[in-house]
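Quick notes on the structure that follows.
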Amino acid sequence: MRKLCASLVLCGIGLVSANANAEGYIALGYAQLDHSDRSFTDGEFDTGNLVARLGADISPYFGAELRLGTTVVKHEETFRGADVEYKQDYFYGAYLRVKWDNTTSLTPYAALGVAGGRERLDSNVISGRDNWNDVSYAAGVDMDLTDRIGINAEYTQYRDDEYDISIDGPSVSAVWKF
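Take any residue in the sequence shown, note its place counting from 1, add 461, and you have its number in our numbering.
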């Protein structure tokens with residue numbers, strides 16, 4: 462499944478680069494991601510994350526997008542007497558977007574791709590890092606404010622793996638089209 466998603470994303474990116482009329486965009490946003498992880502006291506916590514996106518519309522119905530993000534608001538707690546701090550050093554993704562092209566300024570879409578990242582856990586007892594990757598999907602809406610400026614709201618599932626660890630949540634972005 463991961464190879465299929467990666468192949469689809471690479472084909473989409475190739476189509477964007479071959480399409481001279483592709484409309485590109487760059488976006489910067491904030492994501493409030495929920496982490497479900499049985500290793501922590503409550504099994505669930507939130508982090509605030511900065512997310513940059515670079516993409517292009519391949520056609521009126523399809524697009525491709527790359528993402529890069531990092532944690533800016535870490536999760537901190539005391540767990541079994543140790544002060545623990547959790548964050549994503551970085552995370553990334555590559556997606557194909559299917560959108561509903563219409564005559565309004567609102568454009569809903571769904572996205573499918575692959576995501577990965579490096580998470581870090583620091584405490585006064587032990588520290589560690591771990592890399593992850595998973596199939597990722599999203600649903601959202603783009604809203605055009607002008608011909609070049611817009612906003613975006615989205616819900617993304619970045620990770621949901623065999624260890625019962627998931628990372629998902631809403632985000633809001635400012636978008637500039639070029």
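In this text, a Cβ means the ideal position worked out from N, Cα and C, and glycines have one as well. Remember, it's a predicted structure, so these values are computed and weren't measured experimentally.
Alpha-carbon to alpha-carbon, residue j and residue i
{"i": "glycine 509", "j": "glycine 490", "result": "11 Å"}
{"i": "valine 545", "j": "arginine 590", "result": "13 Å"}
{"i": "arginine 620", "j": "leucine 494", "result": "11 Å"}
{"i": "glutamate 484", "j": "arginine 528", "result": "17 Å"}
{"i": "aspartate 629", "j": "aspartate 507", "result": "10 Å"}
{"i": "leucine 465", "j": "arginine 541", "result": "Note on leucine 465: pLDDT 49, under 50, position unreliable in the model; no value is reported."}
{"i": "tyrosine 547", "j": "glycine 578", "result": "13 Å"}
{"i": "arginine 514", "j": "isoleucine 612", "result": "12 Å"}
{"i": "valine 586", "j": "valine 559", "result": "46 Å"}
{"i": "isoleucine 610", "j": "asparagine 594", "result": "32 Å"}
{"i": "alanine 517", "j": "leucine 582", "result": "35 Å"}
{"i": "alanine 492", "j": "proline 521", "result": "27 Å"}
{"i": "valine 477", "j": "tyrosine 486", "result": "Bear in mind that the predicted position of valine 477 carries a pLDDT of just 48, short of 50, making it too unreliable to give a figure here."}
{"i": "alanine 614", "j": "serine 566", "result": "13 Å"}
{"i": "alanine 599", "j": "glutamate 526", "result": "12 Å"}
{"i": "glycine 601", "j": "asparagine 592", "result": "27 Å"}
Option nearest residue i by Cα separation, candidates the options
{"i": "leucine 557", "options": "Glu537, Thr531, Ile519", "result": "Ile519"}
{"i": "serine 597", "options": "Ala555, Ala517, Trp561", "result": "Ala555"}
{"i": "glycine 524", "options": "Tyr553, Ser566, Asp622, Trp561", "result": "Trp561"}
{"i": "tyrosine 551", "options": "Val534, Val633, Glu538, Pro521", "result": "Val534"}
{"i": "glutamate 537", "options": "Leu511, Gly530, Gln549", "result": "Gln549"}
{"i": "tyrosine 616", "options": "Leu573, Phe639, Trp593, Ser632", "result": "Ser632"}
{"i": "methionine 604", "options": "Gly530, Asn563, His496", "result": "Asn563"}
{"i": "glutamate 505", "options": "Leu573, Phe639, Thr539, Ser627", "result": "Ser627"}
{"i": "phenylalanine 639", "options": "Asp625, Thr532, Ala572, Asp608", "result": "Asp608"}
{"i": "glycine 574", "options": "Tyr553, Ser588, Thr532, Asn592", "result": "Tyr553"}
Whole-Å CB distance - residue i paired with residue j, under 8 Å assumed
{"i": "alanine 543", "j": "serine 584", "result": "5 Å"}
Range covered by the beta strand (DSSP E) that runs through residue i
{"i": "asparagine 594", "result": "588-605"}
{"i": "aspartate 495", "result": "484-497"}
{"i": "aspartate 608", "result": "Run containing aspartate 608: none; DSSP gives neither H nor E here."}
{"i": "isoleucine 628", "result": "627-638"}
Quiz prompt | Ranges of the beta strand (DSSP E) found wholly within the stretch 511-573, counting only runs of at least 3 | solution = 523-534, 536-540, 543-560
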